[in-house]
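In the UniProt record's numbering, the protein residues as written are 1 to 313.
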């Protein structure tokens, strides 16, 4: 997955392109930014080494790999009748952009980061640094990213209920292992983790014996072609015969076009739902969201295995 800065920058750009930056009010921008992190917050649950309960982590894996599209559609359907400026709706719109960016960019990221432990995180931290500098003009190493998605102690009203209902529908066995409080606790753990990872002076890396190093934003990174701006050939990490020379910028524009289509369909459906005529927009919503894997960009259920790589980190 692209990391936190990249996802929120992407989500906000999609809103700009569909002419809905009115949804980014001061009181809801961080809600949208949190939505842009998609299901990744679940991977932070019980992040401390002595916390061994992985039920939320497993739920995150399921959302990433099974029923990808239908789960997202269900989230939108549960927003029927809510105004677009409702914080819960804004969260869901951000969540949709997460999936769109992942399905377009993840194959390249997997191929260029490889499967050695923590290299995926290393690459994404570098990508975040490049994106934040280009689009926001800020340095990630001394800017605490958690402040961009912090919304207090809990999700907006309705978010946890939405997750619970969608999880029960698609992942009933794992949903029964989850407690309602796990969803919000995972978000709080994400905030705490990013507070720990903010280490502009390297002190935390010293006292943790370097264990947090892969997740910490750096002042400088080795000068390499991380974005494939030279358009070298690369292979799909699960389908080696499928090749591309697309750069990250090419994939970014591809994802933005995809995101425009998906968010327009979602907004149209929600606006129709306020008139009680959303049925006419539901088919379009299902079509545009599709059912593609976050990891491979290919249909969910293809059982593709990520195996091939040419790591740059």
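Note that beta-carbon positions come from the ideal geometry of N, C-alpha and C, so glycine has one too.
According to DSSP, simplified to helix, strand and coil, what is residue 247? coil
By the DSSP assignment, the alpha helix (DSSP H) with residue 33 in it spans what residues? 29 to 35
With H, G and I counted as helix, E and B as strand and the rest as coil, what does DSSP make of residue 299? strand
Could you name the residues of the same chain whose beta carbon sits closer than 7 Å to that of residue 224, not counting the 5 residues immediately before and after it, in chain order? 312
Quick one: what's residue 118 bridged to in DSSP? None; residue 118 has no bridge partner.
Beta carbon of residue 152, beta carbon of residue 97: below 8 Å? no
Cross-strand partners of residue 5 (DSSP beta bridge): Paired residues: none, contrary to the question.
Among 194, 168, 7, whose alpha-carbon lies nearest the alpha-carbon of residue 177? 168
Is it the case that the region 104 to 121 contacts the region 247 to 261, given that we only count it when at least three CB pairs across the two stretches are under 8 Å? yes
Nearest residue (CA-CA) to residue 213, options 146, 266, 193, 72: 193
Range of the contiguous alpha helix (DSSP H) that encloses residue 183: 180 to 197
Express the C-alpha separation of residue 100 and residue 261 in angstroms, rounding to a whole number. 10 Å
With a 10 Å radius around its C-beta and 16 neighbouring C-beta atoms as the bar for buried, classify residue 201 as buried or exposed. exposed
So, does the region 65 to 77 touch the region 220 to 237, judging by three or more C-beta pairs under 8 Å? no
To the nearest angstrom, report how far apart residue 242 and residue 144 are at their CA atoms. 38 Å
Report back the beta-carbon spacing between residue 33 and residue 163 to the nearest angstrom; my notes put them in contact at under 8 Å. That pair is no contact at about 18 Å.
Are there 16 or more other CB atoms within 10 angstroms of the CB of residue 115, so buried, or fewer, so exposed? exposed
Can you tell which of 89, 62, 84 has its C-alpha closest to the C-alpha of residue 75? 89
Here's a check: name, in chain order, each residue in its chain whose Cβ is nearer than 8 Å to the Cβ of residue 184, leaving out the five neighbours to either side. 153, 154, 155, 160
Kindly give me the distance between the Cβ atoms of residue 13 and residue 256, rounded to whole angstroms, as I take these residues to be in contact under 8 Å. 6 Å
Best match in 190, 142, 140 for proximity to residue 38 [C-alpha to C-alpha]: 190
Using a Cβ-Cβ cutoff of less than 6 Å, which residues in the same chain neighbour residue 138 once the five nearest sequence positions on both sides are dropped? 132
Since residue 128 contacts residue 29 with CB under 8 Å, what's their CB separation in whole angstroms? No, residue 128 and residue 29 are not in contact; Cβ-Cβ is about 18 Å, not under 8 Å.
Figure out for me which residue from 113, 195, 16 has the closest Cα to the Cα of residue 234. 113
Taking C-beta to C-beta, are residue 238 and residue 292 nearer than 8 Å? no
Buried or exposed: which applies to residue 140, given that a residue is buried once 16 or more other Cβ atoms fall within 10 Å of its Cβ? buried
Contacts around residue 87, its chain only, beta-carbon distance under 6 Å, and the 5 residues preceding and following it disregarded: 28, 31, 156
With a threshold of 8 Å between beta carbons, is residue 191 in contact with chain C? Absent from the structure is chain C; it holds one protein chain and no more.
By how many angstroms is the C-alpha of residue 258 removed from the C-alpha of residue 281? 18 Å
N- and C-terminal bounds of the alpha helix (DSSP H) containing residue 165: 159 to 170
Cβ neighbours of residue 65 in the same chain (closer than 8 Å, five flanking residues each side left out): 293, 294, 295, 300
Sub-8 Å separation of residue 288 and residue 265 beta-carbons: yes
What does DSSP give as the partner residues of residue 292 in its beta bridges? 299
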